[in-house]
Amino acid sequence: MSTQTQQPVTIYMEANPNPNSLKFATNQMLVPEGDSFDYPSIEDTAQAPLAKILFEKEYVDRVFYMSNFVTVTKKPEYEWVEIQNEVKEVIKEFLESGKRVIELQPKDLFEQPNNSENAELEEQIKNILEEYIKPAVEQDGGAISFHSYDKDNQKVKVLLQGSCSGCPSSTITLKAGIENLLKRMLPNDVKEVEAEGV
């Protein structure tokens, strides 16, 4: 008779540029690599039991999952020093219960078959975001994904989630980082980058 032992849950907190968000990283994969889930309100949590439990705390404003972390955004009138340990404990207890953070199979709302005339250029943009931008954004508890490209205006739209939502630094990141990089790497195709979800 074999007994399956569950790995103890370890959670550590990481600050990020958004003073209202805190990244709670764990030693377990919460969602499949590359998938992310953003919950801006409790109404969106029907298939996300951990997010629903977190939203029951009056100080939680937004919940985001990716890979092995949960980013929680608090309401501005609360201080992290007062609530961070409680948030950490809620996440730890939930994970130790063995429940899944998502009850549905993940699907990326923005990844659809690309039949546009700009498919090759859009693929280049996605690759640049994936290689140069995504690791830094994820390090801060957020996520970035390609949304669309407007050839006429040479405008790229990206979706920013997690700690990027509502972050005072996100405009600087967008313009000084993402836009400058894309303009430098694709000078004849990109003039502007705009964000959804900020």
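The sequence shown begins at 285 in my numbering and counts up one residue at a time.
Every residue gets a Cβ at the ideal spot worked out from N, C-alpha and C, and that includes glycine.
Values in this document were obtained by computation on a predicted structure and should not be read as measured data.
Nearest-angstrom Cα separation, counted from residue j out to residue i
{"i": "P301", "j": "K307", "result": "11 Å"}
{"i": "K467", "j": "E480", "result": "19 Å"}
{"i": "I367", "j": "M469", "result": "43 Å"}
{"i": "V356", "j": "N472", "result": "39 Å"}
{"i": "Q438", "j": "I417", "result": "19 Å"}
{"i": "V442", "j": "S432", "result": "7 Å"}
{"i": "E327", "j": "A309", "result": "24 Å"}
Neighbour-count burial assignment, residue i, 16 or more Cβ in a 10 Å radius
{"i": "I456", "result": "exposed"}
{"i": "M313", "result": "exposed"}
{"i": "D436", "result": "exposed"}
{"i": "G382", "result": "exposed"}
{"i": "T294", "result": "exposed"}
{"i": "A420", "result": "exposed"}
{"i": "A332", "result": "buried"}
CA nearest to the CA of residue i, picked from the options
{"i": "V371", "options": "S381, E387, F339, S351", "result": "F339"}
{"i": "V477", "options": "D434, S325, I337, Y349", "result": "D434"}
{"i": "G318", "options": "G426, D345, E406", "result": "G426"}
{"i": "I428", "options": "D322, K359, V344, T357", "result": "D322"}
{"i": "I409", "options": "F430, S447, K376", "result": "F430"}
{"i": "P303", "options": "L458, W364, V347", "result": "W364"}
{"i": "L335", "options": "K376, E298, P292", "result": "The identity of residue 335 in the sequence shown is Ala, whereas the question assumes Leu. Residue K376 is the option with its Cα nearest to A335."}
{"i": "Y343", "options": "Y362, S351, N352", "result": "Y362"}
The segment 459–475 contacting the segment 401–419, beta-carbon criterion three pairs below 8 Å: yes
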